[in-house]
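See structure below.
In our numbering, the protein residues as written are 156 to 455.
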């Protein structure tokens with residue numbers, strides 16, 4: 156090989172090496188990046204626990220901010236405390252000005268009102284048909300809840316049935332059971348109460364609904380003295396349903412009406428229009444007695 160040919164051959168090898176080196180470097184860089192990415196992904200991939208902790212931290216952060224924003228012992232401070240474990244309450248806290256104070260107070264005392272409260276801004280003043288509320292009927296007596304969306308958002312005086320309609324709702328349960336006419340729904344009985352002067356000035360219900368009001372619908376009614384447990388059980392055995400006007404205690408902090416519809420194993424069975432839970436509890440005479448203001452036995 157001549158010196159000239161040798162020089163040409165060396166030049167070709169150098170050019171070939173120049174092409175190989177960048178390709179090798181590029182491949183090495185890609186591999187390194189891939190390894191780094193995989194290593195980072197394995198070390199920092201979010202787990203279910205990570206998401207749970209993140210969501211929990213957000214709830215705790217939002218809730219603690221809300222909790223510190225309201226006076227201690229207020230309805231909103233109680234709701235904020237509950238929001239620490241149930242983020243659905245945060246919606247209410249962030250839009251508190253859209254809810255009546257009475258509704259917020261009621262929610263802070265009864266978490267069964269959560270769905271009803273959440274629906275209030277959109278549904279107030281309306282009847283929500285096709286709701287998921289179901290009527291539990293025992294011995295022909297339906298359990299109607301005053302905050303059922305079918306009627307709870309409708310007005311009752313200056314309030315709504317869901318907040319102030321325990322009287323018409325109890326009356327509805329009794330009238331429906333005794334007349335076998337399920338058209339006597341709480342909204343119809345609230346209208347009946349208002350039109351016939353049984354709605355009280357404070358948007359509650361006067362107890363005369365269960366005496367004079369019952370008579371207007373062809374039913375019999377009499378007051379019981381609560382002198383003995385037997386007086387109540389005798390009335391129930393005769394086919395009457397009992398409506399109790401209650402003061403502060405297990406059922407209310409102010410005033411409330413419930414229906415006593417039965418007696419079993421030494422305890423009374425009640426329909427509380429404000430609570431499914433309390434309606435599933437049986438009550439002794441001694442427990443009820445201090446809370447009862449008046450009691451009416453209504454029969455067909």
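C-beta atoms are modelled at their ideal positions from N, C-alpha and C, and glycine is treated no differently.
Remember, it's a predicted structure, so these values are computed and weren't measured experimentally.
Backbone CA spacing between residue 346 and residue 389 [nearest angstrom] | 32 Å
So which of 363, 234, 374 and 312 has the shortest CA-CA distance to residue 330?
-> 374
Quick one, are the C-beta atoms of residue 305 and residue 283 less than 8 Å apart?
-> yes
Three-state secondary structure (DSSP) of residue 386 = helix
Beta-carbon proximity list for residue 155, same chain, < 7 Å, skipping 5 on both sides = No answer is possible for residue 155: it lies beyond the span of the chain, which begins at 156 and ends at 455.
Pick out whichever of 372, 237 and 313 has its Cα sitting closest to the Cα of residue 356.
-> 313
Over the uninterrupted beta strand (DSSP E) stretch that includes residue 296, give me the two end residues.
-> 296 to 298
Residues near residue 267 by beta carbon distance below 7 Å, same chain, minus five either side = 430, 431 and 432
DSSP three-state call for residue 249: helix, strand or coil?
-> helix
Residues that DSSP places opposite residue 417 in a beta bridge | 424
Does DSSP put residue 332 in a helix, a strand or coil?
-> helix
Please report the residue range of the alpha helix (DSSP H) in which residue 225 lies.
-> Taken as a continuous stretch (DSSP letters only), residue 225 belongs to no alpha helix (DSSP H), as it is neither H nor E.
Just how far apart, CA to CA, sit residue 397 and residue 249?
-> 42 Å
In angstroms with no decimal places, state the Cα-to-Cα distance between residue 449 and residue 379.
-> 7 Å
In the DSSP assignment, what residue or residues form a beta bridge with residue 356?
-> Bridge partners of residue 356: none, in fact.
State the DSSP-derived secondary structure class of residue 377, mapped to helix, strand or coil.
-> strand
For chain D, is any of its Cβ atoms less than 8 Å away from the one on residue 369?
-> Among the protein chains of the structure shown there is no chain D, as only one such chain exists.
Mind checking residue 243: buried by the 16 CB within 10 Å criterion, or exposed?
-> exposed
Can you check DSSP and say which residues form a bridge with residue 315?
-> 310
Which word fits residue 263, buried or exposed, when buried means at least 16 other C-beta atoms lie within 10 angstroms of its C-beta?
-> buried
What residue does the beta strand (DSSP E) around residue 268 start on, and which one ends it?
-> Run containing residue 268: none; DSSP gives neither H nor E here.
Which class does residue 449 belong to by DSSP, given the choice of helix, strand or coil?
-> strand
DSSP state of residue 442, grouped into three classes?
-> helix
Coarse secondary structure for residue 348, derived from DSSP in three states = helix
For residue 438, which residues from the same chain have a beta carbon less than 7 Å from its beta carbon, with the 5 sequence-adjacent residues on both sides left out?
-> 422, 423 and 425
Along the alpha helix (DSSP H) that carries residue 371, what are the first and last residues, could you check?
-> 367 to 371
Taking the alpha helix (DSSP H) that residue 231 falls in, what are its first and last residues?
-> 230 to 238
Range covered by the alpha helix (DSSP H) that runs through residue 433 | 431 to 434
CB of residue 381 within 8 Å of CB of residue 447, strictly = yes
Going by DSSP, which residues form a beta bridge with residue 401?
-> 411 and 447
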